[in-house]
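Working notes, structure below.
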Amino acid sequence: MTEDRKSVDAISVTDLSKTFAGEWSLFSGRGYEIRAVRDITLALRYGETLAVVGESGSGKSTLARMMVGLETPTSGDMRITGKDAAALRAEGPRAFGRVIQYVFQDPVSSLNPRKTVDAILDPPLRLLKGYDRVRRRARMKELMDAVQMPANALERYPHEFSGGQAQRIAIARALAAEPRIIVLDEPVSALDVSVQAQILLLLEDLRKEFDMSYLFISHDLAVVESISDRVAVMYSGEIVEIAPAEQLFRSPRHEYTRKLLSSAPRLKTAWTPRSTGGRIAAHE
Amino acid sequence: MSTQAVEVVAPERDGRLRMAWRLLMNNRLAAAGFYAITLIVVMALLAPVLPLHDPDITSPADRLLPVLSEGHMLGTDHLGRDVLARLVWGTRVSLFVGIAAAFVAAFLGSVIGLVAGYAGGRADNLIMRGIDMLMAFPYILLALAIVAVLGPGLLNALYAIAIVNIPFFARNVRGITLGLSHREFVDAARLSGKSHIAIVATEILPNVLPIVVITMSTTIGWMILETAGLSFLGLGAQPPQADLGSMLGQGRALLFTAPMVSVIPGVMVFLIVMSVNLLGDGVRDVLDPRLRAGSLGRPMPVTRIERENVPVPDETAKASALAVVELETSFEARSGRQRAVKDISFTLRKGECLGLIGESGSGKSVTALSILGLVASPPGVITGGAVTIEGRDVLSLDETQIASFRGGKVAYIFQDPLTTLHPLFTIGEQVAEAVRAHQPVGRAAAHRKAVELLGTVQIPDPEQRARAYPHELSGGQRQRVGIAMALANDPDIIIADEPTTALDVTVQAEILRLLQVLRRERGLALLFITHDFGVVAEICDRVAVMRHGEIVETGETAAVLGNPEHPYTKRLIACVPVPGQGRGFLDAIRAMPPADIAGGRSA
Chain A
1 MTEDRKSVDA ISVTDLSKTF AGEWSLFSGR GYEIRAVRDI TLALRYGETL AVVGESGSGK
61 STLARMMVGL ETPTSGDMRI TGKDAAALRA EGPRAFGRVI QYVFQDPVSS LNPRKTVDAI
121 LDPPLRLLKG YDRVRRRARM KELMDAVQMP ANALERYPHE FSGGQAQRIA IARALAAEPR
181 IIVLDEPVSA LDVSVQAQIL LLLEDLRKEF DMSYLFISHD LAVVESISDR VAVMYSGEIV
241 EIAPAEQLFR SPRHEYTRKL LSSAPRLKTA WTPRSTGGRI AAHE
Chain B
1 MSTQAVEVVA PERDGRLRMA WRLLMNNRLA AAGFYAITLI VVMALLAPVL PLHDPDITSP
61 ADRLLPVLSE GHMLGTDHLG RDVLARLVWG TRVSLFVGIA AAFVAAFLGS VIGLVAGYAG
121 GRADNLIMRG IDMLMAFPYI LLALAIVAVL GPGLLNALYA IAIVNIPFFA RNVRGITLGL
181 SHREFVDAAR LSGKSHIAIV ATEILPNVLP IVVITMSTTI GWMILETAGL SFLGLGAQPP
241 QADLGSMLGQ GRALLFTAPM VSVIPGVMVF LIVMSVNLLG DGVRDVLDPR LRAGSLGRPM
301 PVTRIERENV PVPDETAKAS ALAVVELETS FEARSGRQRA VKDISFTLRK GECLGLIGES
361 GSGKSVTALS ILGLVASPPG VITGGAVTIE GRDVLSLDET QIASFRGGKV AYIFQDPLTT
421 LHPLFTIGEQ VAEAVRAHQP VGRAAAHRKA VELLGTVQIP DPEQRARAYP HELSGGQRQR
481 VGIAMALAND PDIIIADEPT TALDVTVQAE ILRLLQVLRR ERGLALLFIT HDFGVVAEIC
541 DRVAVMRHGE IVETGETAAV LGNPEHPYTK RLIACVPVPG QGRGFLDAIR AMPPADIAGG
601 RSA
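Chains A and B, in that order, are what the protein sequence lines are.
At position 247 of the first sequence (counting the first as 1) the number is 247 in the UniProt record's numbering, and the numbers step up by one without a gap.
At position 37 of the second sequence (counting the first as 1) the number is 37 in the UniProt record's numbering, and the numbers step up by one without a gap.
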């Protein structure tokens with residue numbers, strides 16, 4: 001197992017592309033194509049957090065959705081924990097779900113409004129892990145504990161929770177499958193800053209505790225810097241730069257990365273750092 | 001807001017049902033319909049045990065007895081059969097066929113709609129075109145054709161009516177399903193290992209069910225009417241079986257000699273359909289969230305103002321471009337008035353930019369909207385305070401005067417220009433309309449001014465772009481149009497409510513730069529509402545920090561951000577990661593006492 005982990009990456013993609021064909025219509029013939037992702041080659045190592053940064057329309061969400069099998073790549077090769085993704089797909093949707101899970105941007109719309117939290121957590125435990133009723137119940141309590149929610153939240157409906165609480169529940173659902181990899185698609189951008197910090201901290205702690213790899217999709221450079229080991233910058237479907245986080249933020253090489261960094265609004269005033277750490281802030 | 005929600009909704013499910021029931025009964029027409037149809041249904045159900053004559057026994061000697069004759073309360077028909085007995089039994093048959101047809105149609109229609117909506121693409125296209133073809137036939141003709149093929153009889157009439165009504169359900173359900181199947185919770189269910197059938201049955205169906213019930217409640221009356229129609233034509237119930245339609249049909253020949261024979265079943269059909277429809281409308285109103293109490297009611301032109309205290313603005317307030325004094329805005333809720341903005345005071349000097357910063361639910365947007373009475377009423381009420389613009393108390397002016405401020409002296413810029421711009425008009429027309437709303441200029445002049453404004457907000461090739469529709473522009477360009485509309489009447493004050501939140505950082509930087517330039521050139525006072533400290537630092541001279549409807553700290557931007565005094569401000573600033581801080585940020589968050597974070601509540 002350990003040798004295995006060293007030799008293969010959690011996810012590796014080679015020349016991955018996704019083209020959305022325009023709808024064929026009776027009057028105008030085929031519409032124009034959109035090349036959302038163009039020939040991306042990228043590897044997510046075990047135990048690391050790889051951030052993919054880009055602005056809207058850069059193709060970062062399409063890339064993420066391909067990695068969990070919600071979209072099918074047009075061309076290219078994708079291996080998840082060493083297995084070919086096409087083979088996983090052929091095994092059925094459950095094969096993907098067991099190794100890789102997804103956390104969505106909007107926690108409220110990713111939870112079915114008509115289901116209680118325990119009904120939301122039940123399918124992955126039953127279908128992906130095959131646990132019996134008693135075990136499922138015990139796991140649900142553990143999961144609530146892991147995301148720091150009270151156990152009585154299980155009987156409630158999603159609309160009873162704030163955005164941050166709902167995102168914790170969505171994270172619990174992803175954890176339920178005990179995946180090796182989680183794809184986080186802008187998991188904190190819909191949240192208030194104070195809640196955002198808490199969720200980031202929770203995600204970091206969970207990654208260490210359960211020994212997972214994260215693919216962290218975001219448009220927010222400051223958030224990315226605080227959680228990632230490596231950063232890939234996407235621009236119109238391509239990766240323009242990929243580097244260790246520290247290096248990328250200190251000395252960005254690509255012009256677009258520099259533009260992104262300089263566009264982020266920041267507090268210009270300098271002042272003496274306080275005990276909690278001084279801020280020269282920027283974000284979103 | 002959110003934690004309150006967690007606290008109050010414990011007995012949710014029961015409460016919601018009871019609440020729905022109360023809403024339904026509050027609607028008098030629906031209640032009347034409910035009682036009438038219940039009475040009719042109970043009567044029909046009790047038909048076998050009621051002391052009635054046998055509806056099918058003929059007695060030529062007693063034919064055509066008038067109403068209220070002895071032993072035959074509603075008289076007899078041309079074969080001497082008791083009309084009351086036939087009416088009760090006939091109602092039973094008609095109701096059964098109508099309701100059964102409604103269920104069959106609802107079931108088949110929903111299945112078709114769910115499959116088409118969920119599968120999407122070519123399957124959807126194929127199925128829905130088939131449904132369209134079904135709809136293209138006049139329904140009674142189609143029903144006739146079906147009965148002609150299957151042969152007359154009640155059961156065949158039921159099939160015919162069910163088939164004819166399938167499209168109504170299929171189309172409604174398919175529309176809702178199409179929207180739902182792209183929602184994230186469906187993707188999440190897929191990743192939870194659920195199969196397509198399980199997703200449709202357990203994730204989508206519960207969300208579609210209210211629509212099915214609504215459609216059913218509004219079509220069931222029709223179906224009863226159609227049953228009667230087919231029987232009237234002799235294609236439904238076969239003699240001697242009684243059914244409202246066939247009673248009508250048989251009575252038709254006697255319309256002049258014995259009108260009651262046909263009038264009585266006619267009245268019954270009327271009563272049933274009327275009461276079902278009234279009840280159905282009531283059910284729809286209760287279940288359809290768009291029609292739920294109040295939200296359909298058009299908001300008043302100006303927020304309701306019921307001020308308990310009207311403070312007299314002091315000299316500094318009068319000298320400012322905008323002054324808000326002890327403003328209090330509340331929302332009416334079932335549990336009484338909830339204050340969203342509590343005792344807020346601030347001033348905005350000429351040419352100054354004041355940032356109003358806070359997290360969601362802090363009341364910053366309500367404050368901004370209260371200034372010109374734009375909070376929707378109901379449920380909003382301004383319950384106290386004063387807003388002065390150039391020394392005049394706006395809240396004591398009448399509606400037309402307040403309206404003349406809007407877009408005139410004071411202009412708003414909103415978060416998402418895609419929702420504030422009208423999709424069917426070109427941006428040139430919309431900017432020109434903003435000009436004409438306050439200035440007595442002709443169309444051509446307004447258009448020239450619009451093009452000029454688009455140039456001012458640095459839209460390239462404004463003459464050409466004025467002819468574009470909102471969807472043809474990028475998010476940043478749309479927001480520039482929003483700014484151009486705000487500038488249309490040379491306002492003194494611009495209130496910008498999260499104007500850059502929906503934009504990418506590179507675009508946000510450009511928009512902020514534009515606002516800064518305009519402010520300097522035109523001496524605009526800018527009230528800038530945001531949740532982002534970086535943006536505040538970039539553009540604001542002063543900043544006020546809001547929390548739970550109160551301003552907790554206010555001062556020069558550099559001072560507040562550099563050396564915050566209030567613990568809440570400190571906490572908020574500490575929660576913003578800083579470039580260069582790297583992973584140290586999370587360590588700093590970990591080091592914070594947990595109760596100290598977000599008030600220990602909203603996370």
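A virtual CB, placed ideally from N, CA and C, is assigned to each residue, including glycine.
- A straight-line Cα-Cα distance of about 50 Å links E203/B and D541/B.
- Contacts with chain B at 7 Å (Cβ-Cβ) include Y102/A.
- Between G237/A and G97/A, the gap from beta carbon to beta carbon reaches 7 Å or more.
- Of all residues in the stretch 530-562 of chain B, those with a C-beta nearer than 9 Å to a C-beta of chain A are H531, D532, F533, G534, V535, V536, A537, E538, I539, T557, A558, A559, L561, G562, reading in chain order.
- Apart from the 5 residues on each side of it in sequence, A20/B sits with its Cβ closer than 7 Å to the Cβ of V286 in its chain, given in chain order.
- The closest CA to that of K350/B, considering only K194/B, V42/B, K409/B, is found on K409/B.
- For G90/B, the enclosing alpha helix (DSSP H) starts and ends at 83-119.
- Q508/B sits buried, since 16 or more C-beta atoms from the chains shown fall within 10 Å of its C-beta.
- Against chain A, a Cβ distance below 8 Å from T506/B picks out E55, K259, L260, S263.
- For the pair L44/A and D15/A, the Cα-to-Cα distance works out to about 15 Å.
- Counting only residues of its own chain and dropping the five nearest sequence neighbours on each side, T219/B has a CB closer than 7 Å to the CB of A102, N165, F168.
- Nearest C-alpha to S194/A among S360/B, H447/B, A445/B, T347/B: S360/B.
- Using a Cβ distance threshold of 7 Å, R114/A and G534/B do not count as a contacting pair.
- By the criterion of a C-beta distance shorter than 8 Å, E306/B is surrounded in its chain by V381, I382, T383, once the five residues flanking it on both sides are discounted.
- Here the alpha carbon of Q338/B sits roughly 33 Å from the alpha carbon of L503/B.
- One finds V193, S194 in chain A with Cβ atoms closer than 8 Å to the Cβ of L572/B, taken in chain order.
- The beta carbons of A466/B and L348/B sit about 32 Å from each other, so the pair does not count as a contact at 8 Å.
- D15/A sits in a strand when the DSSP states are folded into three classes.
- Per the C-alpha coordinates, the member of L261/A, M212/A, Q198/A positioned closest to M592/B is Q198/A.
- Within the stretch 189-219 of chain B, the residues whose Cβ lies closer than 7 Å to any Cβ of chain A are, in chain order, A189, R190, L191, S192, G193, K194, E203, P206, N207.
- A direct Cα-to-Cα measurement between G130/B and R284/B gives close to 28 Å.
- Secondary structure within the stretch 482-526 of chain B: the beta strand (DSSP E) runs of 3 or more consecutive residues, fully enclosed, are 493-497 (chain order).
- The beta carbon of R94/A sits closer than 7 Å to some beta carbon of chain B.
- Using a Cβ-Cβ cut-off of 7 Å, S330/B is close to nothing in chain A; its nearest Cβ partner there is about 22 Å away.
- The three-state secondary structure of M73/B, taken from DSSP, is coil.
- Of all residues in the stretch 124-153 of chain A, the ones placed with a Cβ closer than 7 Å to any Cβ belonging to chain B are P124, L127, L128, in chain order.
- Distances from the alpha-carbon of I99/B to those of I161/B, V186/B, G584/B put I161/B closest.
- Here L68/B is exposed: its Cβ has fewer than 16 other Cβ atoms, across all protein chains shown, within 10 Å.
- Restricting attention to I40/A, Y46/A, R133/A, E48/A, the CA atom closest to the CA of A64/A is found in I40/A.
- Between A188/B and I199/B the beta-carbon gap is near 10 Å, outside 8 Å, which marks them as no contact.
- Every beta strand (DSSP E) stretch that sits fully inside the stretch 359-408 of chain B and reaches 3 residues is listed by chain position as 380-389.
- The shortest C-alpha to C-alpha distance from L248/A to any of R590/B, I589/B, D587/B, G580/B is the one to G580/B.
- Here DSSP, grouped into helix, strand and coil, assigns A544/B to strand.
- The alpha carbon of G69/A has as its nearest neighbour, out of V240/A, G54/A, A90/A, V52/A, the alpha carbon of A90/A.
- In the structure shown, S262/A adopts helical secondary structure according to DSSP, grouped into three states.
- For a cut-off of 8 Å, the C-beta gap from V147/B to L235/B is around 5 Å, short enough to register as a contact.
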